[in-house]
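Enquirer: Dumping the structure here so I can ask a few things about it.
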Amino acid sequence: MKTVYPDSRGRYGEFGGKFVPETIMFALDDLEKGFNEAIENAEFMEELQHELADYSGRPTPLTYAGKLSAKIGGASIYLKREDLNHTGAHKINNAIGQALLARRMGKKKIIAETGAGQHGVAAATAASRYGLECKVYMGEEDIRRQALNVFRMKLLGAEVIPVSSGTKTLKDATNEAIRQWVASVEDTFYMIGSAVGPHPYPKIVKEFQSVIGYEAKAQFAQIKEGGLPEKVVACVGGGSNAIGIFSAFVDEDVSLVGVEAGGKGLLTGLHAATMANGTAGVIHGSLTYLLQSQEGQIQEPYSISAGLDYPGVGPEHAFLKSTERVKYENITDEEALEALNLLCREEGILCALESAHAVAQALKEARSMRAEENIIVCLSGRGDKDVHTLFEQQKEEVSHGQ
Numbered sequence: 001m002k003t004v005y006p007d008s009r010g011r012y013g014e015f016g017g018k019f020v021p022e023t024i025m026f027a028l029d030d031l032e033k034g035f036n037e038a039i040e041n042a043e044f045m046e047e048l049q050h051e052l053a054d055y056s057g058r059p060t061p062l063t064y065a066g067k068l069s070a071k072i073g074g075a076s077i078y079l080k081r082e083d084l085n086h087t088g089a090h091k092i093n094n095a096i097g098q099a100l101l102a103r104r105m106g107k108k109k110i111i112a113e114t115g116a117g118q119h120g121v122a123a124a125t126a127a128s129r130y131g132l133e134c135k136v137y138m139g140e141e142d143i144r145r146q147a148l149n150v151f152r153m154k155l156l157g158a159e160v161i162p163v164s165s166g167t168k169t170l171k172d173a174t175n176e177a178i179r180q181w182v183a184s185v186e187d188t189f190y191m192i193g194s195a196v197g198p199h200p201y202p203k204i205v206k207e208f209q210s211v212i213g214y215e216a217k218a219q220f221a222q223i224k225e226g227g228l229p230e231k232v233v234a235c236v237g238g239g240s241n242a243i244g245i246f247s248a249f250v251d252e253d254v255s256l257v258g259v260e261a262g263g264k265g266l267l268t269g270l271h272a273a274t275m276a277n278g279t280a281g282v283i284h285g286s287l288t289y290l291l292q293s294q295e296g297q298i299q300e301p302y303s304i305s306a307g308l309d310y311p312g313v314g315p316e317h318a319f320l321k322s323t324e325r326v327k328y329e330n331i332t333d334e335e336a337l338e339a340l341n342l343l344c345r346e347e348g349i350l351c352a353l354e355s356a357h358a359v360a361q362a363l364k365e366a367r368s369m370r371a372e373e374n375i376i377v378c379l380s381g382r383g384d385k386d387v388h389t390l391f392e393q394q395k396e397e398v399s400h401g402q
């Protein structure tokens, strides 16, 4: 009999589980019970589908990148346009689902953490729509890099709480959010933004993000008269957009490629390539691959992209790597920026820096494939939030009129 993951202990093979203080075990059990009841409830699922369609704007298109494909040569490239969601990224799929779940469970307050700000904006948006109080924890470095999204969260009525510990990025914001949740678990719902954390969070996030994959699969089949793409490519920080789009293809004869942040290069130590250089260990309540020293101390990640700047990865991704079902590659800052610029100039689409990593890898893959073959790339978010970072990177070229 085929094993269904996660198993009864919340494990994906050896990965996953619940490595948390005893004080929040009951909250996770309560969450699992509430989630399982909700997704079996026709009224809940009907409201979720209605909100995804009428509020978020689903289905998002599957766009053929004809000029980009012709310029690169090889396979045809299709873009799954999660950037066209309300709030500008795939994060809203999960935020709507978890906010509806929180309301169904009688919770009045939301705690969230964010790196690039997209999950924070999505959480603040969903909290506003469903009448929930919202606090978002964010590292001071990410607040600096993502000032526009911080402003958006505040406009939406959320309280943004700066975190000054560690590298002042997503890992530290997550640590603080978990600490605050432990202290207020009775009336507060912790809205995790990626497929990470203790069970059942990776399962919940996958469920709410799987809409990406099932839409893309149906849309491609309509274009190609029932066919499947040869490859699906998505960026991986924690891995929510990737696990969402992979979910519809993992049992099909389709190559799956996850793309991590190679930063300034693996040999420099300045990267967030957990799959390439990580080892098994526990982070944020889950056993998975993470960047750590021989003594077990977490090593600080680096990426130009705040959303990929995380030292761990979702436990199902760790499992998919261990079984070799998914190939994990890494792309440097420089390669991501080149891909972002090329996509802008050829297709008129400014994608997020996170998504640019997937685009860069797709360009590499396409060159070695045949013209009749196809790649779907998950364009997880739009790049408006990254314009300041891009300007700082390219202002010398801009000042010279290039």
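The opening residue of the sequence shown carries number 1 in our numbering; numbering runs sequentially from there. Positions of the beta carbon are idealized from the N, C-alpha and C atoms, including for glycine.
Measuring CB atoms only, is the stretch 199-212 touching the stretch 5-12, in the sense that at least three cross pairs come out at less than 8 Å?
Expert: Touching, per the Cβ criterion.
Enquirer: May I ask which residues mark the beginning and end of the alpha helix (DSSP H) holding Y201?
Expert: Sequence index remark: in the sequence shown, residue 201 carries index 201 (1-based). First-last of the alpha helix (DSSP H) with Y201: Y201 to I223.
Enquirer: Give the range of the alpha helix (DSSP H) segment to which F19 is assigned.
Expert: Within the sequence shown, residue 19 is the residue found at index 19, counting from 1. First-last for F19: undefined, no H or E at that position.
Enquirer: I'd like to know whether the C-beta atoms of I245 and K80 end up nearer to each other than 8 Å.
Expert: The residue given as residue 245 occupies position 245 in the sequence shown. The residue given as residue 80 occupies position 80 in the sequence shown. Yes. Within cutoff.
Enquirer: What are the residues that DSSP puts in a beta bridge with E159?
Expert: Position 159 of the sequence shown holds residue 159. Answer by DSSP bridge pairing, in chain order: K135.
Enquirer: In three-state terms, what does DSSP make of G73?
Expert: Here residue 73 corresponds to residue number 73 of the sequence shown, with the count starting at 1. Of the three classes helix, strand and coil, the one that applies to G73 here is coil, per DSSP.
Enquirer: In the DSSP assignment, find the alpha helix (DSSP H) that holds V359 and state where it starts and stops.
Expert: Counting from 1 along the sequence shown, the entry for residue 359 is found at position 359. Segment L353 to R367, the alpha helix (DSSP H) holding V359.
Enquirer: Measuring alpha carbon to alpha carbon, tell me which residue in N94, R103 and G348 is nearest V121.
Expert: Mapped onto the sequence shown, residue 121 falls at position 121. Minimum Cα distance to V121 is reached at N94.
Enquirer: Look at the alpha carbon of Y183 and the alpha carbon of T23, and state the distance between them as a whole number of angstroms.
Expert: Stepping through the sequence shown from its first residue, residue 183 is reached at position 183. Stepping through the sequence shown from its first residue, residue 23 is reached at position 23. Reading off the sequence shown, one finds Ala at residue 183, where the question assumed Tyr. Going by the C-alpha atoms only, they are around 9 Å apart.
Enquirer: If you draw a straight line from the alpha carbon of G265 to that of H271, how long is it in whole angstroms?
Expert: In the sequence shown, counting from the first residue as 1, residue 265 sits at position 265. In the sequence shown, counting from the first residue as 1, residue 271 sits at position 271. Approximately 6 Å, taken between the alpha carbons.
Enquirer: Using three-state DSSP, classify N374 as helix, strand or coil.
Expert: Reading the sequence shown from its first residue, position 374 is the one you call residue 374. If DSSP states are grouped into helix, strand and coil, N374 belongs with the strands.
Enquirer: State buried or exposed for F392, treating a residue as buried only when at least 16 other CB atoms are found within 10 Å of its CB.
Expert: For this step, residue 392 is matched to residue 392 along the sequence shown. Reading the sequence as shown, one finds Glu at residue 392 and not Phe. By the 10 Å Cβ count, E392 comes out exposed.
Enquirer: For P162 versus N374, is the C-beta distance shorter than 8 Å?
Expert: As a first step, residue 162 is located in the sequence shown; it is residue number 162 there, counting from the start. As a first step, residue 374 is located in the sequence shown; it is residue number 374 there, counting from the start. In this structure, N374 does not lie closer than 8 Å to P162 by Cβ.
Enquirer: Among residues of its own chain, excluding the 5 on either side of F19, which ones have a beta-carbon nearer than 6 Å to its beta-carbon?
Expert: Position 19 of the sequence shown, counted from the first residue, corresponds to residue 19. If we look at F19 and ignore the five residues flanking it on each side, its Cβ neighbours are V282 and G285.
Enquirer: If you draw a straight line from the alpha carbon of A89 to that of E186, how long is it in whole angstroms?
Expert: For the purposes of this step, residue 89 is identified with residue 89 of the sequence shown, where counting begins at 1. For the purposes of this step, residue 186 is identified with residue 186 of the sequence shown, where counting begins at 1. The straight-line gap from Cα to Cα measures roughly 30 Å.
Enquirer: How close, in whole Å, do the beta carbons of F15 and R104 come, if the pair is a contact with beta carbons under 8 Å?
Expert: By one-based count along the sequence shown, residue 15 stands at place 15. By one-based count along the sequence shown, residue 104 stands at place 104. Not quite, the Cβ-Cβ distance comes to about 29 Å (not below 8 Å), so this is no contact.
Enquirer: Along the chain, where does the beta strand (DSSP E) containing S322 start, and where does it finish?
Expert: Here residue 322 is taken as the residue at index 322 of the sequence shown, counted from 1. Run containing S322: none in the beta strand (DSSP E); it sits in the alpha helix (DSSP H), P315 to S322.
Enquirer: Go ahead and pull the three-state DSSP assignment for E186.
Expert: Translated into positions along the sequence shown, residue 186 becomes position 186. Reduced to three states, the DSSP call for E186 is coil.
Enquirer: Do you know how far the Cα of S76 is from the Cα of R370?
Expert: Counting from one through the sequence shown, the residue named residue 370 turns up at place 370. Counting from one through the sequence shown, the residue named residue 76 turns up at place 76. Each residue's Cα considered, the two are about 9 Å apart.
Enquirer: Beta strand (DSSP E) containing I331: first to last residue?
Expert: Locating residue 331 in the sequence shown gives position 331, counting from the first residue. Unbroken beta strand (DSSP E) run through I331: V326 to T332.
Enquirer: Anyone know if the C-beta pair for C235 and S355 falls short of 8 Å?
Expert: Position 235 of the sequence shown, counted from the start, is the residue given in the question as residue 235. Position 355 of the sequence shown, counted from the start, is the residue given in the question as residue 355. The answer is yes: Cβ separation under 8 Å.
Enquirer: Report the option in H317, A158, L31 and L343 whose CA atom is closest to the CA atom of E260.
Expert: The residue given as residue 260 occupies position 260 in the sequence shown. Minimum Cα distance to E260 is reached at H317.
Enquirer: At the level of alpha carbons, what is the spacing between L101 and G73?
Expert: As a working note, residue 101 is residue 101 in the sequence shown. As a working note, residue 73 is residue 73 in the sequence shown. Each residue's Cα considered, the two are about 45 Å apart.
Enquirer: Helix, strand or coil for Y5? Go by DSSP, reduced to three states.
Expert: Working through the sequence shown from its first residue, we reach residue 5 at position 5. It is coil, neither helix nor strand.
Enquirer: Report the option in G34, V377 and E47 whose CA atom is closest to the CA atom of F220.
Expert: Stepping through the sequence shown from its first residue, residue 220 is reached at position 220. Comparing Cα positions, the closest option is V377.
Enquirer: Do F208 and G34 have their CB atoms nearer than 8 Å?
Expert: Position 208 of the sequence shown, counted from the first residue, corresponds to residue 208. Position 34 of the sequence shown, counted from the first residue, corresponds to residue 34. Taking 8 Å as the Cβ cut-off, F208 and G34 do not qualify as a contacting pair.
Enquirer: In whole angstroms, what separates the C-alpha of S247 from that of M25?
Expert: Taking the first residue of the sequence shown as 1, we reach residue 247 at position 247. Taking the first residue of the sequence shown as 1, we reach residue 25 at position 25. Each residue's Cα considered, the two are about 28 Å apart.
Enquirer: In terms of residue numbering, what span does the beta strand (DSSP E) encompassing K109 cover?
Expert: As a first step, residue 109 is located in the sequence shown; it is residue number 109 there, counting from the start. Note, K109: beta strand (DSSP E), K109 to T114.
Enquirer: Take R361 and list the residues in its own chain whose beta-carbon comes closer than 7 Å to its own, dropping the five residues that flank it on each side.
Expert: The sequence position of residue 361 within the sequence shown is 361, counting from 1. The residue you asked about is not Arg; residue 361 is Gln in the sequence shown. V233, V257, V259, E329 and I331.
Enquirer: For the candidate residues R145, Y64 and K154, whose alpha-carbon lies nearest to that of A127?
Expert: Reading the sequence shown from its first residue, position 127 is the one you call residue 127. Nearest of R145, Y64 and K154 to A127, Cα basis: K154.
Enquirer: Tell me the DSSP secondary structure of R382 in three-state form.
Expert: Locating residue 382 in the sequence shown gives position 382, counting from the first residue. Residue state, collapsed to three classes: strand.
Enquirer: To the nearest angstrom, how far is the alpha carbon of D142 from that of G115?
Expert: Indexing the sequence shown from 1 puts residue 142 at position 142. Indexing the sequence shown from 1 puts residue 115 at position 115. Rounded to whole angstroms, D142 to G115 spans 6 Å at the Cα level.
Enquirer: Rounded to whole angstroms, how far is the Cβ of E113 from the Cβ of Y137, which I believe are closer than 8 Å?
Expert: Locating residue 113 in the sequence shown gives position 113, where the first residue counts as 1. Locating residue 137 in the sequence shown gives position 137, where the first residue counts as 1. Between Y137 and E113 the Cβ distance is about 5 Å, and since that is below 8 Å, they are a contact.
Enquirer: Apart from the five residues on each side of it in sequence, which residues of its chain come closer than 8 Å, Cβ to Cβ, to A147?
Expert: Reading the sequence shown from its first residue, position 147 is the one you call residue 147. Excluding sequence neighbours, A147 sits near H388.
Enquirer: Reducing DSSP to helix, strand and coil, say where E40 ends up.
Expert: Within the sequence shown, numbered from 1, the residue matching residue 40 stands at position 40. Coil at E40, not helix or strand.
Enquirer: Are K364 and Q118 closer than 8 Å when you measure CB to CB?
Expert: Along the sequence shown, read from residue 1 onward, the residue named residue 364 stands at position 364. Along the sequence shown, read from residue 1 onward, the residue named residue 118 stands at position 118. In this structure, Q118 does not lie closer than 8 Å to K364 by Cβ.
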